[in-house]
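Numbering (the working numbering), first residue to last: 1 to 446.
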């Protein structure tokens, strides 16, 4: 939830030109401490990190102060095993959704567990480790700014312009967002197509997140440059079998990406690069899973930069595997086909890298704006992100100039394809731990 004062600031923001960036509010942090010296030290630290410190006269007044002053974060100093601090954490979270960092001298597992159950964001030992405190505050500020940014986009363009970390006001992207919302609750396979750099993996992650299973695994397997034997081993395990029964029967079997995704989502990135024999075995596994109707099915999402319809007719892709994938297709447009989104994306990346690098670049000069709008972007959104990142580091003043942009004026043709199957369209009813296992797949649990 955004505090009352920050909500008013959000309403005052405008997004009328490429050169106008979203003004980040100075986030208020409430300090609750019985030690005047400790409170003053925390105030100096917060001002140095560009936060606005707010103090409460007592713990009893903290929740009311948080509501009245639009506080977003609270730092609560705990004396001994004082359980009143946990009641304060619950009260502030329920009243105004304030994220709380506890500073205390009780590092017991029992107290820490109770604190997290009460809703504390982190528990730090006193004297405070200011490096860790700074990391916590920076993470919370970034999260708050993203929520604020989404609220501005939603107010300006409507809720259909924002989906799980993706933004866009162009007609092609609104079609993509509508398709993501419609297909996310389903369990059927989805094929995500588009040129390199258009955000196919981001769409896959959104489909997984919006499915509503917060504890379900998300496994992303990179299919590029992998041999037949390696792909079979990494996808299906050492013994090449999947399913709980097969794993239980063989204690030496190693779970592959398919088994690791059980109960969640398996994303095959650039599925067309899989050897044909592995594609056929994957289809056999999918058919067996469907027939057995196990308690923890795996939802398959696949991305491809190629036209799989043509690849099937050329004998480069399995017809049997293409059949279920082609039931639901989401096609991502190139950046050149959605240039209306470039101002939004440019401001988003500028704010992101300002935050990451500690810079204060406010926007783009008119010449830089012209260059961005007249470039063809063969690398799509990924190229735009890289260009803004480098420009943010190179900029000498408050604005990015054309010489800070590492782009050459080359033309790139738009990608067009004739997709087979049903293409999803809008008019139809519609902090992660990453573990490498195996080397080309990432298991992401939220």
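Glycine included, each C-beta is placed from N, C-alpha and C at the ideal position.
**OP:** Confirm, please, whether the CB-CB distance from residue 332 to residue 191 is below 9 Å.
**Re:** no
Subject >> Opening and closing residue of the beta strand (DSSP E) in which residue 55 lies >> reply: 52-55
Subject >> Euclidean distance between Cα positions of residue 402 and residue 290 >> reply: If I take the Cα positions, the gap works out to 55 Å.
**OP:** Evaluate residue 217 with the Cβ neighbour count: other Cβ atoms within 10 Å of its Cβ, from every protein chain shown; 16 or more gives buried, anything less gives exposed.
**Re:** buried
**OP:** Enumerate in chain order the residues of its own chain whose CB-to-CB distance from residue 367 is below 6 Å, with the five nearest sequence positions on each side excluded.
**Re:** Same-chain partners within the cutoff: 402.
**OP:** Taking 8 Å as the threshold, find out whether the stretch 298-318 comes into contact with the stretch 266-279 through three or more Cβ pairs.
**Re:** yes
**OP:** Please state whether DSSP places residue 415 in a helix, a strand or coil.
**Re:** Caution is warranted here: a pLDDT of 31 is assigned to residue 415, below 50, making its placement in the model unreliable, and no coordinate value can be reported.
Subject >> Outcome for residue 208 when other beta-carbon atoms lying within 10 angstroms are tallied against a minimum of 16 >> reply: buried
Original post:
Would you report the Cα separation of residue 381 and residue 271, rounded to the nearest angstrom?
Top reply: 21 Å
**OP:** Compute the beta-carbon to beta-carbon distance between residue 27 and residue 176, rounded to the nearest angstrom, for a pair I have assumed lies under 8 Å.
**Re:** The Cβ separation is near 32 Å, so there is no contact.
Original post:
So what does DSSP say about residue 271, is it helix, strand or coil?
Top reply: Residue 271 carries a helical assignment under DSSP once its states are collapsed to helix, strand and coil.
Original post:
Where does residue 338 sit, in a helix, a strand or coil, going by DSSP?
Top reply: Reduced to three states, the DSSP call for residue 338 is coil.
Original post:
By the 10 Å Cβ neighbour count, where 16 or more other Cβ atoms means buried, how is residue 223 classified, buried or exposed?
Top reply: buried
**OP:** For the beta strand (DSSP E) containing residue 46, list its first residue and its last residue.
**Re:** Careful: residue 46 lies outside any beta strand (DSSP E), inside the alpha helix (DSSP H) at 36-48.
**OP:** Decide if residue 212 is buried, meaning its Cβ has at least 16 other Cβ atoms within 10 Å, or exposed.
**Re:** exposed
Subject >> Beta-carbon gap between residue 277 and residue 327 smaller than 9 Å >> reply: no
Subject >> Short Cβ contact (9 Å threshold) for residue 360 with residue 398 >> reply: yes
**OP:** Tell me where the alpha helix (DSSP H) around residue 123 begins and ends.
**Re:** Careful: residue 123 lies outside any alpha helix (DSSP H), inside the beta strand (DSSP E) at 122-125.
**OP:** Please check the pair residue 73 and residue 112, which I expect to be a contact at CB under 8 Å, by giving their CB distance rounded to whole angstroms.
**Re:** Not quite, the Cβ-Cβ distance comes to about 19 Å (not below 8 Å), so this is no contact.
Subject >> Through-space distance from residue 319 to residue 356, alpha-carbon basis >> reply: 45 Å
Original post:
What is the rounded straight-line gap between the Cα of residue 172 and the Cα of residue 345?
Top reply: Looking at the backbone, the Cα of residue 172 and that of residue 345 are separated by about 15 Å.
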